[in-house]
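Under my numbering, the letters of the sequence shown match residues 5 to 98, in that order. Note that CB positions come from ideal geometry on N, CA and C, so glycine has one too. Quick notes on the structure that follows.
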Amino acid sequence: MSQVPPLGGLNASYTSAQIRRNRLIFLGLVLVLAVMVAFWAFGPYDTKDQSSTLKGGDCFQNIGTDKEAKTKKLDCTDPHADYKVLKVTPPPHK
Numbered sequence: 005m006s007q008v009p010p011l012g013g014l015n016a017s018y019t020s021a022q023i024r025r026n027r028l029i030f031l032g033l034v035l036v037l038a039v040m041v042a043f044w045a046f047g048p049y050d051t052k053d054q055s056s057t058l059k060g061g062d063c064f065q066n067i068g069t070d071k072e073a074k075t076k077k078l079d080c081t082d083p084h085a086d087y088k089v090l091k092v093t094p095p096p097h098k
């Protein structure tokens, strides 16, 4: 009669220390991947709106959309400076 290899399951050649180490490595890789995905999703994009720092005479570019404007302060000689601040009015008092 021919020998039939055993079906799947744990290989007896792995010790419990090796299994634990492999699990820790796997969990570490999953954690690194999760951090990378979070960094990509919520990453360090330059999304600061600089409109509160603009003064009269400053030039800026809208790096957002028409509905959600985000300003980037630029030098007035910069070809990307699309707008110039004429006057800043204080916010209304409540």
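* Residue span of the beta strand (DSSP E) that contains leucine 28, given as start and end -> Segment 20–46 is the alpha helix (DSSP H) holding leucine 28; no beta strand (DSSP E) there.
* Asked: If we count the other Cβ atoms within 10 Å of its Cβ and call it buried at 16 or more, is threonine 19 buried or exposed?
  -> exposed
* Is it true that the CB of lysine 74 sits closer than 9 Å to the CB of asparagine 66? -> The beta carbons of asparagine 66 and lysine 74 sit closer together than 9 Å.
* How is threonine 57 classed by DSSP in three states: helix, strand or coil? -> DSSP places threonine 57 in helix when its eight states are reduced to three.
* To do: Kindly identify the DSSP beta-bridge partner or partners of lysine 88.
  => Cys63
* Note down, in chain order, each residue of its chain lying with its Cβ closer than 7 Å to the Cβ of cysteine 80, except the 5 sequence neighbours on either side. => Cβ within range, chain order: Cys63 and Lys88.
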